[in-house]
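Q: Handing you this structure, nothing more for now.
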Amino acid sequence: MAVPPADRGTTDDQKGGDGAARPRPLSLRPSRRPLVWAVPLLVLAAVVEVRIFGEFRLFLLGNALIVGLVLLAAMVLKLLRGRTDADAGGVRNRLVGRTRRLVWSEIDEMTVTPTLFGRVVTVRGHAVRRTMLAAPREGLLARDPAFDETLRTMRALAAPRELRLTDNVHRSARVTYWVMIAVFLGAGTFLWRPWLETWWPGVDEAVELPRACAVADAATARLVLPAAGRPESDGRDWTYSASSDCRYRDADGRTLSLELELKRRTGSSSGTEEIGDEYARARQFEADSARQFSARPKEWAVTTGDVAGLGDEAWRSVVVDRSDGAAAVRLVVRRGNVLIQVRYDANRPADRSVSVATALARSAISRIEIR
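Quick note on my numbering: the sequence shown kicks off at 8 and runs consecutively.
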């Protein structure tokens, strides 16, 4: 008659025909309560591994996660498939796959080995390599008050053979486990730098861009460019792409363009730091272009400078043709990890052109969702 699993009860003795107490055969399964934390942890580790796969800076962490995934998956399978049966003839043990039969005459000792949160049992002998039993075992959320009693019953079932019962316990074992985990988590945290991710509290960054042609739509273009026509946009301007641009040009060559670019974290730099470098390069490019016009002051009037109250930082150049007063505006704005560039060339006064470019930049900023 089988007794309840080791994590749900204790073994009983039954009387033999001669009145002597003989232990009942054991049918043991590991507790499945650890699945409560093991399965979510397995899923989380898999998600993190997929997320960081291919990033060279996380090469060591990725490899360690793969090892952890394999160990976690093996543990889950052992909890689901594991079974140990013991009777007077020996032990039938199944961890994941096939069931192995071990007779008592082949086993010399049983060893109790501590794990991080519990204990497992292994057997070995002159004809048996060290073999872990599926049960009894203890772990996180799987304490077995009958653990020791189950071991005594198994030794009694092996009678008249005397099995040695040893404890593979070292005082520093669990301390070593915890130190290794702390080192691994510390190294993983340092390499990953989760505080640079957009979901980290206090990180104000966008995860996607508005589409440039949705900001600078046809109705807006017709207001500032007569006969603006259809927009010229990037054919790769997909919904979740990291850049988007939209350009209008009329028959007289007057243009309105809006370019948006988003940077995500790379290595040890946040998306904001990455886009800061792009902002500096874009600003320098437009400044160099404006400087070429300023070299001819009789033909062109050039004004450049920072713009307050627009995004996190902004810079603008205004080049005015002294012959007809037409202005060309270049506006570079950074909002979080997004770069906004507006170019507006039209036969309009400088103040009006500046207003158009600024309004378009503000419209783009209002559509950026900062998380």
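Ideal Cβ placement from N, Cα and C applies to all residues, glycine included. All of these numbers come straight from a predicted model, not from anything done at the bench.
According to the Cβ coordinates, are Ser-324 and Val-309 closer than 8 angstroms?
A: yes
Q: For Glu-1, name the three-state secondary structure that DSSP assigns.
A: This structure cannot speak to residue 1, because the chain is shown only from 8 to 378.
Q: Using the three-state DSSP reduction, which class does Val-46 fall into: helix, strand or coil?
A: helix
Q: Are the CB atoms of Val-340 and Ala-321 within a distance shorter than 8 angstroms?
A: yes
Q: Distance check for Pro-167 and Gly-89, CA to CA, integer angstroms please.
A: Approximately 28 angstroms, taken between the alpha carbons.
Q: Do Phe-134 and Glu-113 have their C-beta atoms within less than 8 angstroms of each other?
A: Per the sequence shown, the amino acid found at residue 134 is Ala instead of Phe. Yes, they are a contact pair.
Q: Please classify Arg-282: is it buried, with 16 or more other beta-carbons within 10 angstroms of its beta-carbon, or exposed?
A: Here residue 282 is Ile; the residue named in the question, Arg, does not match the sequence. So Ile-282 ends up on the buried side.
Q: Would you mind sorting Asn-100 into buried or exposed? The rule is 16 or more other CB atoms within 10 Å of its CB.
A: buried
Q: Are there three or more Cβ pairs, one per stretch, closer than 8 angstroms when the segment 34–41 is compared with the segment 137–153?
A: yes
Q: What are the partner residues of Arg-171, as DSSP defines its beta bridges?
A: Glu-116
Q: Spatial neighbours of Val-130 within its chain, please: C-beta separation below 6 angstroms, excluding the five flanking residues on both sides.
A: For Val-130, same chain residues with a beta-carbon under 6 angstroms away, outside a window of 5 residues either side, are Ile-114, Met-117 and Thr-138 in chain order.
Q: Give me the residue from Leu-84, Thr-120, Ile-347 and Asp-352 with the minimum Cα distance to Asp-257.
A: Asp-352
Q: My output table needs one value for Glu-320: the three-state DSSP class, helix, strand or coil.
A: Three-state DSSP puts Glu-320 in a strand.
Q: Straight-line CA distance for Ile-7 to Trp-207?
A: Since the displayed the chain opens at 8 and closes at 378, residue 7 lies outside it and no answer follows.
Q: For Asp-358, count the other beta carbons within 10 Å of its own beta carbon; 16 or more makes it buried, fewer makes it exposed. Which is it?
A: The residue is exposed, with fewer than 16 neighbouring Cβ atoms inside 10 Å.
Q: Pick out the complete alpha helix (DSSP H) segments inside the segment 179–205, 4 residues or longer, and give them in chain order.
A: 180–199
Q: Classify Thr-6 as buried or exposed, calling it buried when 16 or more other Cβ atoms lie within 10 Å of its own Cβ.
A: Because the chain is modelled from 8 through 378, residue 6 falls outside the range shown and cannot be assessed.
Q: Can you look up Val-210 in the DSSP assignment and give me helix, strand or coil?
A: coil
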